[in-house]
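Read the structure below first, then the notes.
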Amino acid sequence: AHSVASRGVLRWRPLHFLLATGGGYATYRGYRSHKEKQLEEQGIEVPPRIAHPWEVWLYRSLPTRLVSRAWGRLSRVELPVWLRGPVLGLYAWAFGVDLREAAEEDLRHYASLSHFFARRLKPHARPLHAAHPRLRLRLRLPLVSPSDGRILSFGRVRNCEVEQVKGVTYSLEDFLGPLPHTHLPPRAPPPHHHTPSGPASSSCSSSSSSGPAPSASDSASFQQRLVSGEGRDLFHCVIYLAPGDYHGFHSPTDWRVALRRHFPGSLMSVSPGVVRWVRSLFCHNERVLLCGCWEHGFFSLTAVGAQNVGSIRIYFDQELQTNRPGDRAGSFRDVCFGSEGGEVPGGVGRGPGGVALRRGEPLGEFNLG
Amino acid sequence: STIVLLFEAPAHFAFRLRPGQKIRFGEALGD
């Protein structure tokens, strides 16, 4: 090889090799995409191409958490006033931010990109859906969307498998982790919000690692444990928040949070393309699970972090810290609420059944980094 | 970022959604 290289006929040139392989791969992807479009035009459903385990391993081995934290620090750098308009305006234009609904429309008000990302909405920009006034007494109020975004998937949970998009599923048990009986809601009445004030609620903290994969019968019983009885079912809904969307999230119904569980994890992109490509993506990524009960039984809301948005804040839980350097993927940390009465500033009541949240009440937010 | 809701409801619970649709905070998901 040395002698060949010295003749200059076939020299090892990394750049040429990268260009050739990269170009070949791009051509292959283009060809696949073209074929898929053709099949879709003919009405043939194309199954999503799922990443191989080695591709997921490779993606997960990238230092996404480190990059996310670096991006977070960069986004918090205070911009000079004269630069805020062009920089934030470019971001708003690129991601379709509607500045008219922001509480502060003047871009010079936002000191950094991070500040702009966490912008608030005007007070009446998002009216809560209500039943028709004449029917309100007879109908229960509907479940509302907790955030702005795009609906990726929704429906019934079957065989302990949840769809992240059509045809791509993840395990309910891997996503929630083991739930002890004490954290599963008993058949409780609808939450009351006027809880008596008293000492702050106690918290129980524990860490655990994922155990061995559950068997089919274990999985079935796991789902059955979440459902209280006859005539009830388990449902799910996935909402994707694009970079330009308002990144606060609110309570979708009246409920009580009994448990907060933080799963440190990867920070892979959760864009619809990647969600279609990586199976169990939501089980790999950093996330914060809130679970408790509503009037129909079990209820949970999970905020899943993403590549640039690894920080999750829950307003009633000041202890929560996400995307920290020392956190170990595959473990989780619990805080349970509600063994004692208490009151948290902002109107969120902590009572014997957990933290009571009203429908539409601000619950938390995603932040850059 | 993504929000995942998982909940128990009566078997006749119905979503008022289409896959891929845009939604805003406060709009009905289902009842």
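From first to last, the protein sequence lines stand for chains A and B. For the first sequence, the numbering used here begins at 407 and goes up steadily by one. For the second sequence, the numbering used here begins at 4 and goes up steadily by one. All C-beta atoms, glycine included, are put in the ideal place defined by N, C-alpha and C. Being a predicted model, the structure only gives us computed values, none of them experimental.
Provide the residue span of the alpha helix (DSSP H) that contains Leu489 of chain A, from first to last. Val487 to Phe501
For Arg532 of chain A, does the count of other Cβ atoms within 10 angstroms reach 16, so buried, or fall short, so exposed? buried
Residues within the stretch 626 to 641 of chain A neighbouring chain B, beta-carbon criterion of under 8 Å: Leu632, Val633, Ser634, Gly637, Arg638, Asp639, Leu640 and Phe641
What's the gap between the Cα of Ala564 of chain A and the Cα of Leu640 of chain A? Reading off the sequence shown, one finds Arg at residue 564 of chain A, where the question assumed Ala. If I take the Cα positions, the gap works out to 8 Å.
Whole angstroms is fine: what's the gap from Ala517 of chain A's alpha carbon to Pro486 of chain A's? 8 Å
List, in order along the chain, the chain B residues whose C-beta lies closer than 9 Å to that of Ala709 of chain A? Ser4, Thr5, Ile6 and Val7
May I have a chain-ordered list of the beta strand (DSSP E) segments no shorter than 3 residues that lie completely inside the stretch 626 to 710 of chain A? 638 to 646, 654 to 656, 661 to 669, 693 to 700 and 703 to 710
For Leu421 of chain A, which of helix, strand or coil comes out of DSSP? helix
From Arg438 of chain A to Tyr431 of chain A, what does the alpha carbon distance come to, in whole angstroms? 11 Å
May I ask you to verify whether the stretch 676 to 685 of chain A touches the stretch 473 to 486 of chain A, counting CB pairs closer than 8 Å and requiring at least 3? no
Decide if Leu494 of chain A is buried, meaning its Cβ has at least 16 other Cβ atoms within 10 Å, or exposed. buried
Kindly identify the DSSP beta-bridge partner or partners of Leu9 of chain B. A:His642 and A:Ser706
Determine the DSSP secondary structure at Glu510 of chain A, reduced to helix, strand or coil. coil
Could you tell me how far apart the beta carbons of Phe743 of chain A and His653 of chain A are, in whole angstroms, since I believe they sit closer than 8 Å? Not confirmed; about 24 Å, so no contact.
So, Leu774 of chain A versus Val715 of chain A, is the Cβ gap smaller than 8 Å? yes
Which of the three DSSP states is assigned to Ser577 of chain A in this structure? strand
Nonlocal neighbours in the same chain, by C-beta distance under 6 Å from Ala12 of chain B, ignoring five residues either side: none
If the cut is a Cβ gap below 8 Å, which residues of chain B does Ser672 of chain A touch? Within chain B, no residue comes near Ser672 of chain A; the closest Cβ sits about 14 Å away, beyond 8 Å.
Determine the extent of the beta strand (DSSP E) in which Gly561 of chain A is found, giving its start and end residues. Gly555 to Arg562
For Arg526 of chain A versus Ala509 of chain A, is the C-beta distance shorter than 8 Å? yes
Give the secondary structure of Gln24 of chain B by DSSP, where H, G and I count as helix, E and B as strand, and everything else as coil. coil
If the cut is a Cβ gap below 9 Å, which residues of chain B does Cys643 of chain A touch? Ile6, Val7, Leu8, Leu9, Phe10, Phe18, Leu20, Leu32 and Gly33
So for His600 of chain A, helix, strand or coil by DSSP? In this predicted model, His600 of chain A has a pLDDT of only 35, less than 50, meaning its place in the structure is not dependable; the value taken from the coordinates is given anyway. DSSP places His600 of chain A in coil when its eight states are reduced to three.
Kindly indicate if chain B contains any beta-carbon less than 8 Å away from that of Arg556 of chain A. yes
Decide yes or no for the touch test of the stretch 17 to 24 of chain B against the stretch 704 to 722 of chain A: beta carbon pairs closer than 8 Å, at least 3 of them. no
Out of A:Gly555, A:Glu771, A:Gln713 and A:Glu767, state which residue places its alpha-carbon closest to the alpha-carbon of Pro469 of chain A. A:Gln713
Chain-ordered chain B contacts of Val715 of chain A [CB-CB under 8 Å]: Ser4
Is it a yes or a no for the stretch 645 to 660 of chain A touching the stretch 439 to 455 of chain A, going by three-plus beta-carbon pairs under 8 Å? no
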